[in-house]
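To start, the structure itself, in structure tokens.
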Amino acid sequence: MTAPHLSPEDAAQLEQTWRDPPGIHGWFSAINHKTISLRFMITTFVFFVLGGLLALAIRLQLAGPDGKVVGADMYNQLFTMHGSTMMFLFAVPVMQAVATYLVPLMIGARSVAFPRMNAFAYWIFTLGGMMLFLAFFLNLGPDAGWFAYVPLSSLQYSPTKRVDIWAQMITFTEMAGLMEAIVLITTILKMRAPGMTLNRMPLFVWAILATSFMVLFSMPAVMLASTALITDRLVNTQLFNPLKGGDALLWQHLFWFFGHPEVYMIFIPPLGFISSIVATFSRRPIVGYPAMVLAVVATAFLAFGLWVHHMFATNLPELGKTFFTAASLMIAIPTALQIFCWIATLWTGRINLRTPLLFVLAFFVILLAGGLTGLMLASVSLDTQLHDSHFVVAHLHYVLMGGAVFPLFGAFYYWFPKFSGRMLNESLGRWNFWLFFIGFNLAFFPLHVLGLQGMPRRVYTYPASMEWGTLNFLSTVGAFMIAVSILLFIINVLRSRRHGEPAGNDPWGAGTLEWSMPSPPPAGNFEMVPVVHARDPLWEPARLPSHVSGLANDYREILVTSVADAKLDHRLWLPSSSLAPFATALATTVLFVGSIFTPWAVVWAAVPVAIGATWWFWPKKDIVEQRTGSEVSPYEVQQ
Amino acid sequence: MRVHAAFIPILGMAAATETSSAAPLQDALHAYGIQAWHIGRLWNFTLGLCALVFTAIVAVTLVALWRAPRSDARTPPDLSSLERPERRIHRTVAWAAGIATLGLLALLAADVFTSRALGRLPLQDAVNIELIGHQWWWEARYLDPDSSRQFVTANELHIPVGRPVIVTLRSDDVIHTLWVPNLHGKRDMIPGRTATLQFRADQPGTYRGQCAEFCGLEHAMMALLVEAEPNAQYEAWAARQRQPAPAPAAGPAGDAARRGHDLFLAKSCARCHTINGTGATAALGPDLTHLAGRKTIGAGMLPNDGSHLASWILDPQTLKPGVYMPVNPMRPDELHDLLAYLETLK
Numbered sequence: 001m002t003a004p005h006l007s008p009e010d011a012a013q014l015e016q017t018w019r020d021p022p023g024i025h026g027w028f029s030a031i032n033h034k035t036i037s038l039r040f041m042i043t044t045f046v047f048f049v050l051g052g053l054l055a056l057a058i059r060l061q062l063a064g065p066d067g068k069v070v071g072a073d074m075y076n077q078l079f080t081m082h083g084s085t086m087m088f089l090f091a092v093p094v095m096q097a098v099a100t101y102l103v104p105l106m107i108g109a110r111s112v113a114f115p116r117m118n119a120f121a122y123w124i125f126t127l128g129g130m131m132l133f134l135a136f137f138l139n140l141g142p143d144a145g146w147f148a149y150v151p152l153s154s155l156q157y158s159p160t161k162r163v164d165i166w167a168q169m170i171t172f173t174e175m176a177g178l179m180e181a182i183v184l185i186t187t188i189l190k191m192r193a194p195g196m197t198l199n200r201m202p203l204f205v206w207a208i209l210a211t212s213f214m215v216l217f218s219m220p221a222v223m224l225a226s227t228a229l230i231t232d233r234l235v236n237t238q239l240f241n242p243l244k245g246g247d248a249l250l251w252q253h254l255f256w257f258f259g260h261p262e263v264y265m266i267f268i269p270p271l272g273f274i275s276s277i278v279a280t281f282s283r284r285p286i287v288g289y290p291a292m293v294l295a296v297v298a299t300a301f302l303a304f305g306l307w308v309h310h311m312f313a314t315n316l317p318e319l320g321k322t323f324f325t326a327a328s329l330m331i332a333i334p335t336a337l338q339i340f341c342w343i344a345t346l347w348t349g350r351i352n353l354r355t356p357l358l359f360v361l362a363f364f365v366i367l368l369a370g371g372l373t374g375l376m377l378a379s380v381s382l383d384t385q386l387h388d389s390h391f392v393v394a395h396l397h398y399v400l401m402g403g404a405v406f407p408l409f410g411a412f413y414y415w416f417p418k419f420s421g422r423m424l425n426e427s428l429g430r431w432n433f434w435l436f437f438i439g440f441n442l443a444f445f446p447l448h449v450l451g452l453q454g455m456p457r458r459v460y461t462y463p464a465s466m467e468w469g470t471l472n473f474l475s476t477v478g479a480f481m482i483a484v485s486i487l488l489f490i491i492n493v494l495r496s497r498r499h500g501e502p503a504g505n506d507p508w509g510a511g512t513l514e515w516s517m518p519s520p521p522p523a524g525n526f527e528m529v530p531v532v533h534a535r536d537p538l539w540e541p542a543r544l545p546s547h548v549s550g551l552a553n554d555y556r557e558i559l560v561t562s563v564a565d566a567k568l569d570h571r572l573w574l575p576s577s578s579l580a581p582f583a584t585a586l587a588t589t590v591l592f593v594g595s596i597f598t599p600w601a602v603v604w605a606a607v608p609v610a611i612g613a614t615w616w617f618w619p620k621k622d623i624v625e626q627r628t629g630s631e632v633s634p635y636e637v638q639q
Numbered sequence: 640m641r642v643h644a645a646f647i648p649i650l651g652m653a654a655a656t657e658t659s660s661a662a663p664l665q666d667a668l669h670a671y672g673i674q675a676w677h678i679g680r681l682w683n684f685t686l687g688l689c690a691l692v693f694t695a696i697v698a699v700t701l702v703a704l705w706r707a708p709r710s711d712a713r714t715p716p717d718l719s720s721l722e723r724p725e726r727r728i729h730r731t732v733a734w735a736a737g738i739a740t741l742g743l744l745a746l747l748a749a750d751v752f753t754s755r756a757l758g759r760l761p762l763q764d765a766v767n768i769e770l771i772g773h774q775w776w777w778e779a780r781y782l783d784p785d786s787s788r789q790f791v792t793a794n795e796l797h798i799p800v801g802r803p804v805i806v807t808l809r810s811d812d813v814i815h816t817l818w819v820p821n822l823h824g825k826r827d828m829i830p831g832r833t834a835t836l837q838f839r840a841d842q843p844g845t846y847r848g849q850c851a852e853f854c855g856l857e858h859a860m861m862a863l864l865v866e867a868e869p870n871a872q873y874e875a876w877a878a879r880q881r882q883p884a885p886a887p888a889a890g891p892a893g894d895a896a897r898r899g900h901d902l903f904l905a906k907s908c909a910r911c912h913t914i915n916g917t918g919a920t921a922a923l924g925p926d927l928t929h930l931a932g933r934k935t936i937g938a939g940m941l942p943n944d945g946s947h948l949a950s951w952i953l954d955p956q957t958l959k960p961g962v963y964m965p966v967n968p969m970r971p972d973e974l975h976d977l978l979a980y981l982e983t984l985k
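In order, the protein sequences belong to chains A and B. Residue numbers for the first sequence follow our numbering, so the first one is 1 and each next one is one higher. Residue numbers for the second sequence follow our numbering, so the first one is 640 and each next one is one higher.
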């Protein structure tokens, strides 16, 4: 299918309308979803690299018995920072970052919904992450674990500001995450091109929709928990203090009610990457589309019924624990179903074995192993041996790296040509992959054995008499192999950005809408909004009508369509770029950071936040005039 | 239902190496008690099933890659599945999902049966211990209906082989977790809550446990030794623990120890520690009544010998930074006397 074109003048005007303004002022007021998303991706990747460097320090310390690289205090900061960074500043937001780029392109939209809020969420996220690392460099890095269990994280046992920094970092990132979820849900449900019924939506978009709803329902739990922790610490609320009628276990329930769905919020978007990549590189649609959709939705629901399997060592009732064992085993069924569908797709397809597919194939080994060790942890009795040992460290890295990071790298190799207009180097990509794959298994497989040999998690060292040294050393070697592979990836990106082979619209011969436009995409994405006639509109023969005409080129007009059938509903005017989201984000940062030190910051800093938000929504006279000027009376139309 | 098999190899590992060798055991793969044995059996079953599934799925994926023809980006997509549904493929996927479900049900059943077996440990004639977690050491109170027979010790449990042990778990500060993998799985010690763990050692030996829940700065240095010994030996040990600390010997041989005793009471030691039979009754730190009988100091950190004890007393902050015991500067002769006294606390 070739995309219909506008006249060169109209196309130029469309580009002008949707482009972000130039200059420094323009840089801070940008709201185009692709601009924000690229920044978001780069920011999360920077946090990934920082988190990885922390992990290297951890591995150096554990490389041999009685390690002296860092002391206990620094080690506790290192693993807390590593976990918090990877979970809150990388894994969840990077998926949202990729989604805000790809979803509009895949569903035939010119933008995400609420583009200013999208920009605001990005700034809030970035400022929150910067606060965390600034604190770390000032020796105020959180040190109570990324889970910050009370009472260890209470004022009595963590008297410095470290835990407050952690709790406020949660507020920042979860606020950004919630806003991104709202942006994505609205975009997906109301801004799909006409004809893209729910039944024609790409599996990636389904995955993002399910994930965003999970964010919406789970993140409030951890925001509530972290806010309660702050009030316990700042204004003596005693919610978690057992001596004053509070309960230490309440924290664990609230945290894991978020924490377990979070794993699936990290894991479900990659299922969408895999479906996109497997289909393109097997040259056929995925086997069992309805089953795949139902599996993703079922996973999203079931993910909320598992949280207690993080608490099997507590004194909760045994019968209740067994329920969570059953639920934890049950969630393997939809995942297994999806794996079988992908294998069936590969089995019946014609395979183009390029780097993106290699990364996805690693999923079938690594995530599979991680999923199976997850079944072991789901058993109450087995978990009492495995819980909080290095076995769990191995398990969670197999799940998160195999289930999310490998597919994410695959996705990056796959969509980088769309982002940049150039291909990544294939042979560097293969080196990147094999070093990563071998290094990963070397780094994390031995940890299973160490856990079974009794090595607990979060220990800053161990005595030589425990004989854990050899396997730990192997693991450290593996960690450095991963570091080298990531370095190769960075070199590949920096080189290919300028000197890579030009990609053209569709370098992989893929079927979804994002490949119908030039790479990188124009500011307004589609010259003309397409009418979608199939699940893979670029693969299946075109039908009429092929596109929508009549949308304004001189202001940011979009189509709003119905939720299920994507029938035309109305036209909507999206706001233009503005400095207000950035300014409001700065004011909000002052509020959040200030409230670490005094509750009064909530009161006084609310004033600049309110000013920023008012400025944000203040209608501009010329825009209102332009807008009302373009309105047509229905009577005139009838005549 | 008694386990006589002294050493129960799991994973088919060789049974050769240890029982009472130098390094204490801390290993979930080798059961020395019935509870760990039940869990080990579940582990074997689960590992076997999971290994089978892993091999099968990876093999099928590799075959799929091997048999499928190669293509490139210009190969036209195969859209035949849109015209006629691929019933055979769908049926295969459905069968595979069905088999996976059966496997999961088997795992659930195995878990439930294991939980039941763990809950059926006969508890007649049990030893009752209350174990209290502190940052970063363990306080053990051996309970007895007759309160005069109760006693307190720290960082080292002695238990009789073949008799059940009921450990009541509490914490005084943050969450800790008891985990002695050769005997049983772990259990949290949560402030404001009480939990119990029931197990039995079926083979004499020294089993090492370690706090498994991150509990602050020195979480890594919070170990616990469990000495499982024949019942008679255990009873003798318990009888000794019930005695107050012996008074320093009379005459010139006991001079140093007597001076050490006075120093202990005069210096800051007695503000935190108890030695039964003396004026030291504080309970902030470990009970030292029978310190010399223990294998380690610093919660499993250092061997309990004169030189380690001396450096620990002088400067615990260098050995275990952050520990709640302060630096205790003293003259060499004072240290000598104090050590002489502590060595009498058998």
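All C-beta atoms, glycine included, are put in the ideal place defined by N, C-alpha and C.
Just checking: is the beta-carbon of A:I58 within a distance shorter than 9 Å of some beta-carbon in chain B? For A:I58, the nearest beta carbon of chain B is not closer than 9 Å to its own beta carbon.
Limits of the beta strand (DSSP E) - the one that B:F838 falls within: Unbroken beta strand (DSSP E) run through B:F838: A834 to R839.
Please tell me whether B:Q774 has its Cβ less than 9 Å away from any Cβ of chain A. Closer than 9 Å: yes.
Distance, Cα to Cα, B:G893 vs B:A931? B:A931 has its alpha-carbon roughly 16 Å from the corresponding atom of B:G893.
In the DSSP assignment, what are the bridge partners of A:N76? Beta-bridge pairing links A:N76 to no other residue.
Please name the residue in B:H975, B:A862 and B:T833 whose C-alpha comes closest to that of B:H900. With distances taken between Cα atoms, B:H900 lies closest to B:H975.
Kindly indicate which residue of B:K985, B:I829 and B:A889 has the alpha-carbon position closest to the one of B:V813. Selected option, being the one with the closest Cα: B:I829.
Simplified DSSP assignment, three categories, for A:N525: Note: A:N525 maps to coil in three-state DSSP.
Name the DSSP bridge partner or partners of B:G672? DSSP lists B:A840 as partners of B:G672.
Min CB distance B:H947 to chain A below 9 Å: No, B:H947 does not count as interfacial toward chain A.
For B:Y980, does the three-state DSSP call read helix, strand or coil? If DSSP states are grouped into helix, strand and coil, B:Y980 belongs with the helices.
Between A:I377 and A:H397, is the Cβ-Cβ spacing less than 9 Å? The displayed chain sequence assigns Leu, not Ile, to residue 377 of chain A. In this structure, A:H397 does not lie closer than 9 Å to A:L377 by Cβ.
Listed from N- to C-terminal order along the chain, which residues in the stretch 365 to 376 of chain A have their beta-carbon within a distance smaller than 7 Å of any beta-carbon of chain B? The residues in question are V365, L368, A369, L372, L375 and M376.
Suppose you measure from the CA of B:I914 to the CA of B:E769; what does that come to, to the nearest Å? B:I914 and B:E769 have their alpha carbons spaced roughly 19 Å apart.
Give me, in chain order, the residues of the same chain whose beta-carbon lies closer than 6 Å to that of A:V632; leave out the 5 immediate sequence neighbours on both sides. The answer is none, since no qualifying residue turns up.
Determine the DSSP secondary structure at A:G272, reduced to helix, strand or coil. When DSSP states are grouped into helix, strand and coil, A:G272 belongs to the helix group.
Through-space distance from B:A851 to B:G758, alpha-carbon basis: Their Cα atoms are separated by approximately 22 Å.
B:I814 at chain A interface by Cβ criterion, 9 Å: For B:I814, the answer is yes, since a Cβ of chain A falls inside 9 Å of its Cβ.
Contact set for A:L89: own chain, Cβ-Cβ below 6 Å, skip 5 residues either direction: Once the five neighbours on either side are set aside, the close Cβ partners of A:L89 are F47 and G129.
Element boundaries [beta strand (DSSP E), containing B:G772]: Per DSSP, B:G772 belongs to the beta strand (DSSP E) from V766 to H773.
What did DSSP end up calling A:D554 once you bin it into helix, strand or coil? Reduced to three states, the DSSP call for A:D554 is coil.
So which residues on chain B does A:F412 lean against when the C-beta distance must stay under 7 Å? Per Cβ cutoff of 7 Å: no residues; A:F412 is ~18 Å from chain B at best.
Along the chain, where does the beta strand (DSSP E) that runs through B:H815 open and close? In the DSSP annotation of this structure, the continuous segment of the beta strand (DSSP E) that includes B:H815 starts and ends at H815 to L817.
N-terminal and C-terminal residue of the alpha helix (DSSP H) that B:S810 is part of: That residue, B:S810, is in no alpha helix (DSSP H); its beta strand (DSSP E) goes P803 to S810.
Span of the alpha helix (DSSP H) holding A:W434? In the DSSP assignment, A:W434 falls within the alpha helix (DSSP H) that extends over E426 to L452.
In chain B, which residues lie less than 8 Å from A:L326 when you measure between Cβ atoms? Leu is not the amino acid found at residue 326 of chain A; the sequence shown has Ala there. Within 8 Å of the CB of A:A326, the CB atoms of chain B belong to L747, in sequence order along the chain.
Whole angstroms is fine: what's the gap from A:F258's alpha carbon to B:H929's? Cα to Cα, A:F258 sits roughly 48 Å from B:H929.
Helix, strand or coil at A:I596 according to DSSP, with G and I counted as helix: A:I596 falls in the coil class under three-state DSSP.
Apart from the five residues just before and just after A:P151, which ones in its own chain have a Cβ nearer than 8 Å to its Cβ? Result list for A:P151: Y157, F240, N241, P242 and A248, in chain order.
Name, going along the chain, the residues of the stretch 712 to 728 of chain B whose beta-carbon falls closer than 9 Å to a beta-carbon of chain A. So the close ones are A712, R713, T714, P715, P716, D717, L718, S719, S720, L721, E725 and I728.
If you count every other CB in all the chains shown that lies within 10 Å of the CB of A:T628, and 16 or more means buried, which is it? By the neighbour-count rule (16 or more Cβ atoms within 10 Å), A:T628 is not buried but exposed.
B:A756 versus B:Q674 - alpha carbon distance: Those two C-alpha atoms are separated by around 8 Å.
In terms of residue numbering, what span does the alpha helix (DSSP H) encompassing B:V865 cover? No alpha helix (DSSP H) holds B:V865; the beta strand (DSSP E) holding it covers A862 to E868.
Spatial neighbours of A:V94 in its chain, beta-carbon cut-off 6 Å, leaving aside the 5 residues before and after: Answer for A:V94: T44, listed in chain order.
Could I get the ranges of all uninterrupted alpha helix (DSSP H) runs contained in the stretch 322 to 373 of chain A, with 4 residues as the minimum, in chain order? Taking only runs of at least 4 residues, the alpha helix (DSSP H) segments lying wholly in the stretch 322 to 373 of chain A are 332 to 348.
What residues in its chain sit with their C-beta under 8 Å from that of B:L681, if we drop five residues either side in the sequence? Here the set comprises A749, D750 and T753.
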